[in-house]
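Visitor: Take any residue in the first sequence, count from 1 to its spot, add 289: that is its number in this note's numbering.
From the three backbone atoms N, C-alpha and C, an ideal C-beta is built for every residue, glycine too.
Keep in mind that this is a model prediction, so the values were computed, not measured.
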Amino acid sequence: MLQLPFIRDNKEATIAGLGKRNFSGAEASIDQVLTLDQQRRDTQRELDDVLAQSNAKAGQIGAFMKAGDKTAAEGAKLETAALKVRSKELADSLRQIEVDLQAVLVTIPNLPHSSVPEGRSGDDNEVVLEHGEKPVLHDKALPHWELIKKYGSDAGPMIDFELGVKIAGAGFPVYRGKGARIQRAMINFFLDEAMKAGYMEVQPPIVVNEDSGFGTGQLPDKEGQMYYMPEDKLYLIPTAEVPITNIYRDVILPENQLPIKNVGYTPCFRREAGSWGAHVRGLNRLHQFDKVEIVRIEKPENSYAVLEEMSLHVQSLLQKLELPYRVLRLCAGDMGFTSALTYDMEVWSAAQQRWLEVSSVSNFEAYQANRLKLRSKLAGKMQLLHTLNGSALALPRILAAILENNQTPEGIRIPKVLVPYCGFDMID
RNA sequence: GGAGAGAUGCCUGAGUGGCCGAAAGGAACAGUUUGCUAAACUGUCGUACUGGUAACGGUACCGAGGGUUCGAAUCCCUCUCUCUCCGCCA
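1. Apart from the five residues on each side of it in sequence, which residues of its chain come closer than 7 angstroms, Cβ to Cβ, to residue 508?
2. Nearest to residue 589 by alpha carbon, out of 667, 539 and 309?
3. Tell me the DSSP bridge mates of residue 632?
4. With DSSP as the reference, label residue 702 as helix, strand or coil.
5. Count the other CB atoms within 10 Å of the CB of residue 533; is the residue buried (16 or more) or exposed (fewer)?
6. If contact is defined by three or more beta carbon pairs under 8 angstroms, each pair taking one atom from either stretch, is the region 388–403 in contact with the region 539–546?
7. What residue does the beta strand (DSSP E) around residue 542 start on, and which one ends it?
8. Closest to residue 490 by C-alpha separation, out of 440, 583, 647 and 331, would be which residue?
9. On the CB-based measure, 16 or more other CB atoms within 10 Å of its CB, does residue 453 come out buried or exposed?
10. Check whether the region 669–680 and the region 641–651 are in contact - that is, three or more C-beta pairs closer than 8 angstroms.
11. Tell me which residues share the same chain as residue 328 and place their Cβ nearer than 8 angstroms to its Cβ, disregarding the 5 neighbours each side in the sequence.
12. Residues in its own chain within less than 8 angstroms of residue 430 by CB, not counting five upstream and five downstream?
13. Mind checking whether residue 290 and residue 524 have CB atoms under 8 angstroms apart?
14. Look up residue 384 in the DSSP assignment and say whether it is helix, strand or coil.
15. At what residues does the alpha helix (DSSP H) containing residue 433 begin and finish?
16. Among 361, 371 and 535, which one has its Cα closest to the Cα of residue 663?
17. Mind listing, in chain order, the continuous alpha helix (DSSP H) runs of no fewer than 4 residues lying wholly within the region 489–572?
18. List the endpoints of the continuous beta strand (DSSP E) containing residue 417.
19. Note down, one range per segment and in chain order, each alpha helix (DSSP H) of at least 4 residues found wholly within the region 638–687.
20. Which residue's Cα is closest to the Cα of residue 398: 717, 691, 710 and 654?
21. Specify the secondary structure class of residue 350 as computed by DSSP and reduced to three states.
22. State buried or exposed for residue 414, treating a residue as buried only when at least 16 other CB atoms are found within 10 Å of its CB.
23. Grab the span of the beta strand (DSSP E) containing residue 583 for me, first residue to last.
24. Locate the alpha helix (DSSP H) running through residue 480, then write down its first and last residues.
25. Could you name the residues of the same chain whose beta carbon sits closer than 6 angstroms to that of residue 580, not counting the 5 residues immediately before and after it, in chain order?
26. Give me the Cα-Cα distance between residue 349 and residue 339, rounded to the nearest whole angstrom.
27. Specify, as a first and last residue, the run of the alpha helix (DSSP H) that residue 306 falls within.
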């Protein structure tokens, strides 16, 4: 959530920032926020005043009772009746105003950083850099959904989508043999690289409650994207960002514990409602996939330098995997609800001849921290911290690119860094 | 799933209707003393909203939400969570 004092002091800049995002009705929303905020303050001031009077009366009554002056006490009691009625009215009204205010605030996305390009869709994203050579494949080259069959075993394809359909449904593949082994290899490789970079590994729950979903901004914005278990009021996580960042919900971190650098591997679950189509074949889009996520909590003045550092970490992984990639700076219209600046990393999928997004690295500034109430006393002042996270990395599309890009007539070559983790250097 | 106990500040823990935003101890921080470490002593030591340039005030918060009362950490109700025992079980 944006911070109320900030909106109060920077009304025009806020409206402009939301406009850049193509957030419809920015001015109306901000006006509404400011009106409700003023009402809230007026109401609270009056309520506090009435309560102060009540407290004073109660004190007097206590003194009368102590002195044994029952008559005076009874008289004073009568005077409290009106105050009581009034305070109830004001408290009810204050509660309603706060509910209304909150309802508007949660619909307002984060403001884009000044470096975020204008734009409405993915077409307007800025290509920051491109790295590596796109491989030229041989004549018989296949897309990964064919390769997994070609290099399957008697048991079936290396990654079995149809078997997943039987067990769970579309988008829940079964990995088997070398297909499973290379998944595990990547997870270990990514975790080890993160630990070398100073991250602490955590294993969080892969279900979260409503408060956690709200804290990182999935709720109420992306309600329909998460699997929900109504019996227990739990959501399957769409990313480890949610449970890991929520470790720090309602936390005041001592300054000497900063920065926080966590990394976690989890399965991720996404309903992807309405986004199915021909272009999401194979591993391109799944309901369940594996991801290693890095999460950081930083002092505000450091967060943008840290974002660059995280981007370089992700790039180093892609370089070690020998995959051609590019880095995009998302335009304002394509950024996530809670982000102020996002870099997407895409790898080149040689058989599909397209870029596949494999990582998204974002600085949320204080937007999540405000919802999480994640603070620290810095320079003697209580301040919201900045949260950042990034995929490092999401597995399925990496696997798709490895399979496609490294295919040769003799088989599929495993990137050197993964060989010690896999125990084999070719899929043939 | 059955039975019982409990939830207070960073931690331990007192507090059964007004003198309690809350004792005491510990931790932490600052200072004094000490050649260093340790110890001792002194002080500081919750958060949010709100008024005020500030000094300094007001209000709320003792798991959450309701209720009783002039007045609730304290009494009543509901919920959540934790612990112990039994059952079940990876």
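Guide: According to the structure shown:
1. Here the set comprises 499 and 502.
2. Of the candidates 667, 539 and 309, the one whose C-alpha sits nearest the C-alpha of residue 589 is 667.
3. Partner(s): 618 and 650.
4. DSSP, reduced to helix, strand and coil, places residue 702 within a strand of the structure shown.
5. Per the 10 Å Cβ criterion, buried.
6. Counting Cβ pairs under 8 angstroms, fewer than three are found: no touch.
7. For residue 542, the enclosing beta strand (DSSP E) covers residues 540–542.
8. Closest option to residue 490, Cα to Cα, is 583.
9. With 16 or more Cβ atoms within 10 Å of its Cβ, residue 453 is classed as buried.
10. Counting C-beta pairs closer than 8 angstroms gives three or more between the region 669–680 and the region 641–651, which meets the contact rule.
11. Hits under 8 angstroms: 386.
12. Once the five neighbours on either side are set aside, the close Cβ partners of residue 430 are 639, 640, 693 and 696.
13. At the C-beta level, residue 290 and residue 524 stay beyond 8 angstroms of one another.
14. In this structure, residue 384 counts as helix in the three-state DSSP scheme.
15. Counting along the chain, the alpha helix (DSSP H) containing residue 433 begins and ends at 433–439.
16. Nearest of 361, 371 and 535 to residue 663, Cα basis: 535.
17. Whole alpha helix (DSSP H) segments, 4+ residues: 499–504 and 530–535.
18. For residue 417, the enclosing beta strand (DSSP E) starts and ends at 415–420.
19. Counting whole runs of 4 or more residues, the region 638–687 contains the alpha helix (DSSP H) stretches 656–661.
20. The shortest C-alpha separation from residue 398 is found at 654.
21. Helix, per DSSP.
22. The residue in question, residue 414, is buried, as its Cβ has 16 or more Cβ neighbours within 10 Å.
23. Element bounds for residue 583: 577–587.
24. 467–485 is the extent of the alpha helix (DSSP H) around residue 480.
25. Excluding sequence neighbours, residue 580 sits near 557, 680 and 683.
26. For residue 349 and residue 339, the distance between alpha carbons rounds to 15 angstroms.
27. Run containing residue 306: 300–309, per the alpha helix (DSSP H) assignment.
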